[in-house]
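Under our numbering, think of the first position of the sequence shown as 62, with each following residue one higher.
Every residue gets a Cβ at the ideal spot worked out from N, C-alpha and C, and that includes glycine.
Nothing here was measured: the structure is a model prediction, and the numbers come from that model.
Structure first, then comments.
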Amino acid sequence: MIVKKPIRAWITLLLAPLAVLAQPQPSTLKGVPFNNITLEVSLKPFRKNDKAYIRETAREMFTQWHSMLRHADTVSVMLWTGDGSEILEYKGDPAQRLEWARYIGNPNTAHPVGSGPKELSIHERAYLYLENPPEFTYGDLQFIVSALKEEGRRVTGKPIRVGETFDPGPEFAKSDFKYKRHREILGGSAMGHNTMVSCYSVLKADSEPYAGFPNGIPEGTPFGTFLGRQVRRLTTDMGFDFIWLSNGFGFGVEGWSSTGAIFDGKGFDQEKLAATHSKIADFWKYFRAECPDIQVQTRGTNLSAGADLARDGVDLKSIYKDKNILPPPNSPWAALDGDFGLEMVGYMSRMAELPDERYLFRYYTHDPWWINSPWLDRYGREPHDIYLPLAVSRINAKGEVKLPSHLNFLSIDDSFGNMPTQVPDEVTPHILKARYDAPTAPGPLVWVYPFDEYYDWAFRYKDRLPEIYYGDWLIRQAVNNGLPINTVISTGSFQKVIGKNPARFKESVLLSVVPEAESPLEKALIAFVENGGRLMVYGPAGHAGKAFLDLLNLQNTAPLEGEFKITTVYAGDEMQRPYPGKIVHSALFSGGGVATRIQNPKDAFTKILSQMSQGSQKRDVAWVRERKEWNGGKVVYIRGTNSSKFTGGKLLTPDDPSKLFTGPLLLRYALQEFGLDLGIAKEDPGVKNPVLTVSRSNNAFIFSGYNPNTTIRNKFRFPQGAPLLNGLDTKLDKGRSVYSMPTSWNRESRVFVEQDEGIVSLRELHSGEMGITKRYRVSGLQNATVRIYPHEDISPEQFNAYLNANYPWREGRITFKPGDPKFGKHYVVEGVTGDLVVSW
Numbered sequence: 062m063i064v065k066k067p068i069r070a071w072i073t074l075l076l077a078p079l080a081v082l083a084q085p086q087p088s089t090l091k092g093v094p095f096n097n098i099t100l101e102v103s104l105k106p107f108r109k110n111d112k113a114y115i116r117e118t119a120r121e122m123f124t125q126w127h128s129m130l131r132h133a134d135t136v137s138v139m140l141w142t143g144d145g146s147e148i149l150e151y152k153g154d155p156a157q158r159l160e161w162a163r164y165i166g167n168p169n170t171a172h173p174v175g176s177g178p179k180e181l182s183i184h185e186r187a188y189l190y191l192e193n194p195p196e197f198t199y200g201d202l203q204f205i206v207s208a209l210k211e212e213g214r215r216v217t218g219k220p221i222r223v224g225e226t227f228d229p230g231p232e233f234a235k236s237d238f239k240y241k242r243h244r245e246i247l248g249g250s251a252m253g254h255n256t257m258v259s260c261y262s263v264l265k266a267d268s269e270p271y272a273g274f275p276n277g278i279p280e281g282t283p284f285g286t287f288l289g290r291q292v293r294r295l296t297t298d299m300g301f302d303f304i305w306l307s308n309g310f311g312f313g314v315e316g317w318s319s320t321g322a323i324f325d326g327k328g329f330d331q332e333k334l335a336a337t338h339s340k341i342a343d344f345w346k347y348f349r350a351e352c353p354d355i356q357v358q359t360r361g362t363n364l365s366a367g368a369d370l371a372r373d374g375v376d377l378k379s380i381y382k383d384k385n386i387l388p389p390p391n392s393p394w395a396a397l398d399g400d401f402g403l404e405m406v407g408y409m410s411r412m413a414e415l416p417d418e419r420y421l422f423r424y425y426t427h428d429p430w431w432i433n434s435p436w437l438d439r440y441g442r443e444p445h446d447i448y449l450p451l452a453v454s455r456i457n458a459k460g461e462v463k464l465p466s467h468l469n470f471l472s473i474d475d476s477f478g479n480m481p482t483q484v485p486d487e488v489t490p491h492i493l494k495a496r497y498d499a500p501t502a503p504g505p506l507v508w509v510y511p512f513d514e515y516y517d518w519a520f521r522y523k524d525r526l527p528e529i530y531y532g533d534w535l536i537r538q539a540v541n542n543g544l545p546i547n548t549v550i551s552t553g554s555f556q557k558v559i560g561k562n563p564a565r566f567k568e569s570v571l572l573s574v575v576p577e578a579e580s581p582l583e584k585a586l587i588a589f590v591e592n593g594g595r596l597m598v599y600g601p602a603g604h605a606g607k608a609f610l611d612l613l614n615l616q617n618t619a620p621l622e623g624e625f626k627i628t629t630v631y632a633g634d635e636m637q638r639p640y641p642g643k644i645v646h647s648a649l650f651s652g653g654g655v656a657t658r659i660q661n662p663k664d665a666f667t668k669i670l671s672q673m674s675q676g677s678q679k680r681d682v683a684w685v686r687e688r689k690e691w692n693g694g695k696v697v698y699i700r701g702t703n704s705s706k707f708t709g710g711k712l713l714t715p716d717d718p719s720k721l722f723t724g725p726l727l728l729r730y731a732l733q734e735f736g737l738d739l740g741i742a743k744e745d746p747g748v749k750n751p752v753l754t755v756s757r758s759n760n761a762f763i764f765s766g767y768n769p770n771t772t773i774r775n776k777f778r779f780p781q782g783a784p785l786l787n788g789l790d791t792k793l794d795k796g797r798s799v800y801s802m803p804t805s806w807n808r809e810s811r812v813f814v815e816q817d818e819g820i821v822s823l824r825e826l827h828s829g830e831m832g833i834t835k836r837y838r839v840s841g842l843q844n845a846t847v848r849i850y851p852h853e854d855i856s857p858e859q860f861n862a863y864l865n866a867n868y869p870w871r872e873g874r875i876t877f878k879p880g881d882p883k884f885g886k887h888y889v890v891e892g893v894t895g896d897l898v899v900s901w
């Protein structure tokens with residue numbers, strides 16, 4: 062007998078599969094999403110001024126990067142339309158011809174485009190990127206902006222924002238405004254004498270009509286006023302959503318050099334500081350008065366917050382009072398010169414304090430102007446400039462770990478307007494892996510950055526600029542010599558965090574300058590040490606108060622500078638020929654002369670680590686102090702010599718390590734006092750040292766490195782033993798794990814072993830068992846103590862340990878115990894010989 066169903070029931074059955082499909086599916090994406098991902102691009106891919114072609118090209122842009130763009134809430138396109146002169150020249154007429162960046166090289170030289178002797182470089186002349194590049198009007202630009210928004214929305218399903226760019230230099234397009242009609246706005250020397258627009262320049266009268274100035278430019282108009290009004294008109298008319306100020310614009314005159322308006326390489330002109338600071342502040346006031354609402358994004362300089370303040374009067378603290386501004390990202394120059402120390406220090410110093418919680422990471426994939434595609438050639442497809450800066454995080458005033466909220470790609474097209482799919486295909490997995498492994502806790506070394514102090518000292522004292530300048534350069538050189546610093550917190554935030562949560566940094570060593578006498582920071586640092594905290598202090602101590610001097614057992618005496626003999630208790634890096642025993646301490650580049658001595662040489666709790674001597678004169682430059690009543694607290698003091706100087710180039714030049722000892726090495730060496738042994742074995746002092754970061758992610762230790770010379774070997778030992786890097790083998794050397802790494806590397810470590818010798822391996826295994834998500838095998842153990850760091854939420858009931866056992870894991874189960882809390886959450890297995898398998 063057939064039972065007939067009502068029509069409504071049959072319809073319900075037929076539509077049931079569609080109803081399932083209509084349900085929102087759980088996200089398959091991993092990692093913390095970005096608020097925004099920006100694709101930077103020139104107009105070169107639009108090889109034809111044809112609406113269908115423009116739309117097709119726009120679709121391809123978003124399609125190529127779709128796997129990456131899925132991880133963003135919003136997608137942006139930053140258009141490198143020209144050099145910014147398209148803003149300056151805009152008259153408000155959509156039919157006006159657009160001068161755009163259709164060149165390779167510098168089109169603002171004495172040589173016409175495509176001409177000049179063959180031996181001229183592209184920095185001395187320019188070529189058209191195509192034989193017959195298209196002509197565009199401002200109306201065409203408006204269409205391109207709208208096409209990007211429409212096609213991007215279709216491909217990604219996300220809101221699309223489009224931004225315009227302003228560059229102060231001569232690089233991208235011909236500019237009659239900058240280099241013919243208004244040369245009075247030029248300063249700086251980044252690309253030749255007086256080649257960069259000064260943000261605080263003043264315009265001469267001009268009878269030409271402009272969109273914001275239809276009757277011409279009045280004499281004495283501040284450049285900030287003119288630019289701001291032109292930006293407002295252009296962005297409104299074209300549909301732009303934000304403006305990017307490029308190459309240090311708005312941050313002084315000289316964005317690329319270690320010198321500036323205050324520091325000329327020979328001395329600091331304190332008298333110029335207030336006036337220069339006022340000029341920069343006036344630019345922002347004038348600019349914002351004309352366009353108060355548009356979001357401003359900034360490139361910033363190639364240097365750090367402290368160095369910019371001391372050399373060029375850049376008051377980042379005041380600039381950050383603008384709440385609709387994004388702070389400068391990491392500099393792309395590590396791709397050009399391998400100076401990761403400068404990139405990391407600049408990045409961290411500028412994010413220590415922020416206008417809000419937003420900041421961005423920028424990655425250099427292509428260069429649309431200078432015939433290089435860094436991912437393919439400069440980096441050699443090695444992701445060190447991904448893993449190192451993406452291991453960086455900041456701690457805010459609530460004690461929270463904050464990651465970059467924005468991601469930029471400079472750029473998605475090359476100098477010929479090509480967009481090779483190979484680049485997004487290869488870069489995306491590394492960016493995402495770094496994001497998956499992003500820090501969730503402070504790293505082993507946390508930089509307590511004196512953001513407020515530097516701005517206070519610069520304007521309150523007449524002699525502190527050298528110290529402010531020196532501090533960031535010292536850390537730059539320390540990072541370039543293997544100091545693993547990648548977590549930053551401002552001094553102000555540190556005081557708030559430690560007041561509410563004294564144990565927040567119990568697994569970390571803090572790195573700080575000497576605090577001001579009787580300051581709240583001084584009291585907070587003393588309390589931190591006396592309550593069991595571990596602290597490394599660097600820099601001159603002439604301004605220190607009695608309480609801090611007593612903590613360090615330090616006294617100041619007559620300052621010395623020049624050449625010294627240096628001795629240390631450390632064997633140092635392993636080489637056929639050791640580092641020289643000579644060092645040069647320049648007062649100008651090291652915050653004054655060396656004046657530090659141990660106050661009480663008979664103090665049983667003080668141990669000298671390094672001394673410098675000139676004839677019979679000695680200065681103590683590094684020591685450690687630890688008292689029983691500090692409950693495990695310990696403090697290391699390092700006076701710090703910035704072993705570099707100004708020799709006329711863009712950056713300070715490090716001393717030759719084959720002739721002079723590199724002073725910042727002492728910071729890495731002295732980490733041994735806290736149980737962190739980060740040794741290096743190499744041929745001789747001339748071999749460049751590796752750059753290292755060690756971050757904490759979901760209770761794991763994430764090691765990332767850049768080895769400029771792949772013959773070196775890294776040797777690691779932590780207080781809990783030798784870290785084992787997942788997937789690798791190590792031949793232990795006196796309790797240290799030893800690894801020979803490629804140029805770029807990134808590895809997780811969840812296992813530490815206490816064992817002197819032998820070949821030990823760590824491998825991840827498949828689960829093969831319901832309820833198990835992770836399984837690792839440690840091989841080659843000889844009566845070892847093993848410490849394992851599972852994911853943060855794993856309880857003892859969920860943790861398993863097996864000795865010399867295999868699938869199906871019915872035998873070999875052994876006991877374990879919770880580890881010492883001072884080393885963080887982990888489990889310990891003792892006396893292990895053979896293979897240990899752990900799972901959870």
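- Through-space distance from Arg686 to Gly693, alpha-carbon basis: Going from the Cα of Gly693 to the Cα of Arg686 covers about 11 Å.
- Item | Per DSSP, the bridge partner or partners of Asn433 | Asp428
- Query: Would you call the region 556–569 and the region 524–539 touching, i.e. three or more CB-CB distances under 8 Å?
  - Reply: no
- Option in Pro231, Thr118, Glu212, Tyr164 with minimal Cα separation from Gly145: Comparing C-alpha distances from Gly145 to each of Pro231, Thr118, Glu212, Tyr164 shows the shortest one belongs to Pro231.
- Query: When you compare only the Cα positions, how much space is there between Arg108 and Met139?
  - Reply: 18 Å
- Collapsed DSSP secondary structure at Arg244 in the structure displayed: helix
- Message: I want to see whether chain D comes within less than 8 Å of Tyr837, judged by CB atoms only; does it?
- Response: Within the model displayed, chain D is absent; a lone protein chain is all it includes.
- Quick one: using the 10 Å Cβ neighbour count with 16 as the cut-off for buried, is Lys792 buried or exposed? exposed
- Query: Using 8 Å as the Cβ pair cut-off and three pairs as the minimum, do the region 722–735 and the region 510–526 touch?
  - Reply: no
- Task: Apply the 10 Å Cβ neighbour rule to Gln678 and answer buried if 16 or more other Cβ atoms are within range, or exposed otherwise.
- Result: When all chains shown are included, Gln678 counts as exposed.
- Item | Secondary structure of Thr592, DSSP reduced to three states | In the sequence as presented, Thr is not what sits at residue 592; that position holds Asn. Here Asn592 sits in coil by DSSP.
- Alpha carbon to alpha carbon, what distance is there between Trp161 and Gly153? 17 Å
- Item | Under the three-state DSSP convention, the category Met405 falls into | helix
- Report the partner residues of Tyr800 according to the DSSP bridge assignment. Asn775
- Task: Could you tell me how far apart the beta carbons of Ser840 and Asp896 are, in whole angstroms, since I believe they sit closer than 8 Å?
- Result: Contact between Ser840 and Asp896 holds, since their C-beta atoms are separated by about 5 Å, short of 8 Å.
- Message: Please classify Ile820 as buried or exposed, where buried requires at least 16 neighbouring CB atoms within 10 angstroms.
- Response: The residue is exposed, with fewer than 16 neighbouring Cβ atoms inside 10 Å.
- Item | N-terminal and C-terminal residue of the alpha helix (DSSP H) that Thr552 is part of | 552–561
- Query: In this structure, does DSSP put Ser828 in helix, strand or coil?
  - Reply: coil
- Task: Alpha carbon to alpha carbon, how far is Lys219 from Asn255? Give it in angstroms, no decimals.
- Result: 43 Å
- Assigned secondary structure, Phe301 (DSSP; H/G/I helix, E/B strand, else coil): coil
- Locate the beta strand (DSSP E) running through His467, then write down its first and last residues. 467–471
- Under 8 Å Cβ to Cβ from Asp664, same chain only, skipping five residues before and after it: list those, please. So the list reads Asn614, Arg686, once near-sequence residues are dropped.
- Task: Identify every residue that forms a DSSP beta bridge with Ile763.
- Result: Ser756, Glu809
- Query: Within 10 angstroms of its Cβ, does Gly407 collect 16 or more other Cβ (buried), or is it exposed?
  - Reply: Per the 10 Å Cβ criterion, buried.
- Task: Alpha carbon to alpha carbon, how far is Gly892 from Ile875? Give it in angstroms, no decimals.
- Result: When rounded, the distance between both Cα atoms is 11 Å.
- Query: Roughly how many whole angstroms lie between the Cα atoms of Lys179 and Ala187?
  - Reply: The alpha-carbon atoms of Lys179 and Ala187 are separated by roughly 12 Å.
- For the beta strand (DSSP E) containing Tyr640, list its first residue and its last residue. From DSSP, Tyr640 is part of no beta strand (DSSP E); its letter is neither H nor E.
- Task: Would you kindly work out how many angstroms separate the C-alpha atoms of Glu211 and Ser392, rounded to a whole number?
- Result: 31 Å
- Item | Cβ neighbour criterion (16 or more within 10 Å) applied to Phe813 | buried
- Since Tyr698 and Thr629 are thought to touch, with beta carbons under 8 Å apart, how far apart are those beta carbons, to the nearest angstrom? Between Thr629 and Tyr698 the Cβ distance is about 14 Å, and since that is not below 8 Å, they are no contact.
- Message: According to DSSP, Tyr863 sits in a beta bridge with which residue or residues?
- Response: Arg874, Val898
- Do you know how far the Cα of Arg423 is from the Cα of Leu526? 30 Å
- Expressed to the nearest angstrom, what Euclidean distance is found between the alpha-carbon atoms of Gly273 and Glu150? Each residue's Cα considered, the two are about 10 Å apart.
- If you count every other CB in all the chains shown that lies within 10 Å of the CB of Lys695, and 16 or more means buried, which is it? buried
- Item | Segments of 3+ residues assigned as beta strand (DSSP E) that fall wholly inside the region 177–251 | List check, beta strand (DSSP E) in window: 187–189, 221–227.
- Query: Can you give the Cα-Cα distance for Arg360 and Leu202, rounded to whole angstroms?
  - Reply: 23 Å
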